[in-house]
Amino acid sequence: PNVLKMAGVPNVIGSSTNPTLPFGRDAVAEHYGMIVSVHDLKPDLPGDAAMARDRIRAGTMGAEDVLHDLGAIGITSSDAQGMGRAGETIRRTFAMAAKMKGELGPMDGDGEGDDNARVLRYIAKLTINPAIAHGLAHEIGSIEVGKLADIVLWRPPFFGAKPQLVLKSGFPAYGVTGDPNAATDTCEPLVLGPQFGSYGATAADISVAFVSAAAAALGSDEMPTRRRRVAVRGTRGIGPKDLLLNSRVGAVDVDARSGLVSLDGEPLRSEAAESVSLNRLYFL
60 PNVLKMAGVP NVIGSSTNPT LPFGRDAVAE HYGMIVSVHD LKPDLPGDAA
110 MARDRIRAGT MGAEDVLHDL GAIGITSSDA QGMGRAGETI RRTFAMAAKM
160 KGELGPMDGD GEGDDNARVL RYIAKLTINP AIAHGLAHEI GSIEVGKLAD
210 IVLWRPPFFG AKPQLVLKSG FPAYGVTGDP NAATDTCEPL VLGPQFGSYG
260 ATAADISVAF VSAAAAALGS DEMPTRRRRV AVRGTRGIGP KDLLLNSRVG
310 AVDVDARSGL VSLDGEPLRS EAAESVSLNR LYFL
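Each residue of the sequence shown is one higher than the one before, starting from 60 at the first, in the working numbering.
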């Protein structure tokens, strides 16, 4: 759990996998079973059970939410299998933002009746900051001239939960489709599905394959794809200072006995949420 200390180090770009984002009432119990399963532990062996329990601390789970809200952790992501919630990264990120607003109130820069500063900080964790960390920001991560026109469009009531349309290089690639048995285009249920950009050769034509600079300079490879090759760049010597809206550094400390987390001497606490936003109201 004290790996959280690296969140404040100036030469380490931190990120979070999403199963404990935001920290909720069932996180501790769920993760004991998960750790036992994915590490093939034997819970009837005292040593294995103790190792699993030692890796799970409510204090660090709660503090992780606060570190995100302060901009000390700049990326939200998903692992595979054990810590994987690959289909929930966006909604869990904004559920965390809602939890933090409820606990800490408006953020500096938020206007009267809006959460723009907090929304921008959390969007950056999903978009431009991962692109910067992986050397992809010259092609993707934000909507700018010269970059791929990749954007997700949302109806405001469903922001963070269900997108209306996904554009890939300007092509509609995925989005809401109607019922072919319906009489009008407003009939429900509406479902998400592939659109023009997902079919045939179009998917490859509107995408790129990121490769090393050496591979791109070579000009030939054996990858069986027609995608345009793009070299990654700018991954050396970067740190939290290079991330957008999430560049807080400081001394993160984790008390080995109590699990209490502090940033520059200030304790960080967040209670387990009993309920979170973007949850059962949107997903049955």
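Each residue gets a CB set at the ideal place from its N, CA and C atoms; glycine is no exception.
Per-residue DSSP class, three states only, for residue i
| i | result |
| --- | --- |
| Pro248 | coil |
| Gly106 | helix |
| Ala117 | helix |
| Pro222 | coil |
| Gly24 | No answer is possible for residue 24: it lies beyond the span of the chain, which begins at 60 and ends at 343. |
| Val62 | helix |
| Val97 | helix |
| Ser321 | strand |
| Pro231 | strand |
| Leu304 | coil |
| Ser279 | coil |
| Gly205 | coil |
| Phe342 | coil |
| Thr54 | Since the first residue of the chain shown is 60 and the last is 343, residue 54 is not available in this structure. |
| Arg112 | helix |
| Ile191 | helix |
| Ala273 | helix |
| Gly256 | helix |
Cut-off 6 angstroms between Cβ atoms - residues of its own chain near residue i, not counting five sequence neighbours on either side
| i | result |
| --- | --- |
| Ala157 | Ser336 |
| Arg144 | Asn77, Pro78 and Ser137 |
| Val308 | Gly67, Pro69 and Pro299 |
| Ser74 | Ile134 and Ser136 |
| Asn61 | Val313 |
| Pro25 | Residue 25 lies beyond the range of the chain shown here (60 to 343); nothing can be said about it. |
| Gly168 | Ala176 |
| Lys227 | Asp209, Gly256 and Ile265 |
| Ala272 | Ala290 |
| Asp238 | Cys246 |
| Ala108 | Pro102 |
| Leu129 | Arg307 |
Opposing strand residues paired with residue i [DSSP bridges]
| i | result |
| --- | --- |
| Ala332 | Gly83 |
| Arg287 | Val267 |
| Tyr91 | DSSP, once it has assigned bridges, lists no residue as partnering Tyr91. |
| Thr236 | Val250 |
| Ser74 | Ile134 |
| Leu212 | Leu224 |
| Pro326 | Ser321 |
| Thr68 | Checking the sequence shown, residue 68 turns out to be Val, not Thr. None, per the DSSP bridge assignment. |
| Asp312 | Ser321 |
CB-CB length for residue i against residue j, believed under 8 angstroms
| i | j | result |
| --- | --- | --- |
| Leu185 | Ile210 | Rounded, the Cβ-Cβ distance is 13 angstroms, inconsistent with contact. |
| Ala315 | Ala117 | No, Ala315 and Ala117 are not in contact; Cβ-Cβ is about 15 angstroms, not under 8 angstroms. |
| Ala196 | Ile187 | 6 angstroms |
| Leu322 | Gly67 | 7 angstroms |
| Leu63 | Thr135 | Leu63 to Thr135, Cβ: 15 angstroms. No contact. |
| Val125 | Leu327 | 4 angstroms |
| Thr119 | Val291 | Between Val291 and Thr119 the Cβ distance is about 32 angstroms, and since that is not below 8 angstroms, they are no contact. |
| Arg180 | Asn305 | 6 angstroms |
| Thr236 | Val225 | With a Cβ gap of about 12 angstroms, Thr236 and Val225 do not count as contacting. |
| Glu325 | Arg84 | Incorrect: roughly 25 angstroms between the Cβ atoms, too far for contact. |
| Ser329 | Ala122 | 7 angstroms |
| Thr261 | Gly194 | That belief does not hold up - the Cβ atoms of Thr261 and Gly194 are roughly 26 angstroms apart, past 8 angstroms. |
| Asp174 | Lys160 | 6 angstroms |
Close Cβ partners of residue i (< 7 angstroms) along its chain, the five nearest in sequence each way excluded
| i | result |
| --- | --- |
| Ala276 | none |
| Gly282 | With the sequence shown as reference, residue 282 is identified as Met, and Gly is not the correct amino acid for it. Ala268. |
| Asp301 | Ile191 |
| Ile199 | Ala190, Lys206, Leu207 and Asp209 |
| Met155 | Leu80, Pro81, Asp124 and His127 |
Contacting residues, own chain, Cβ-Cβ under 8 angstroms from residue i (five flanking each side not counted)
| i | result |
| --- | --- |
| Ala263 | Thr284, Arg285 and Arg286 |
| Ala111 | Tyr91, Ile94, Val95, His98, Leu100 and Pro102 |
| Phe217 | Gln223 and Tyr341 |
| Gly318 | Pro60, Arg116, Ala117, Gly118 and Thr119 |
| Pro253 | Ala232 and Tyr233 |
| Val71 | Met65, Gly298 and Pro299 |
Inset, instruction - Tell me the start and end of each unbroken beta strand (DSSP E) in the stretch 119-186 that is at least 3 residues and wholly inside, in chain order. - result: 134-136, all fully within the stretch 119-186.
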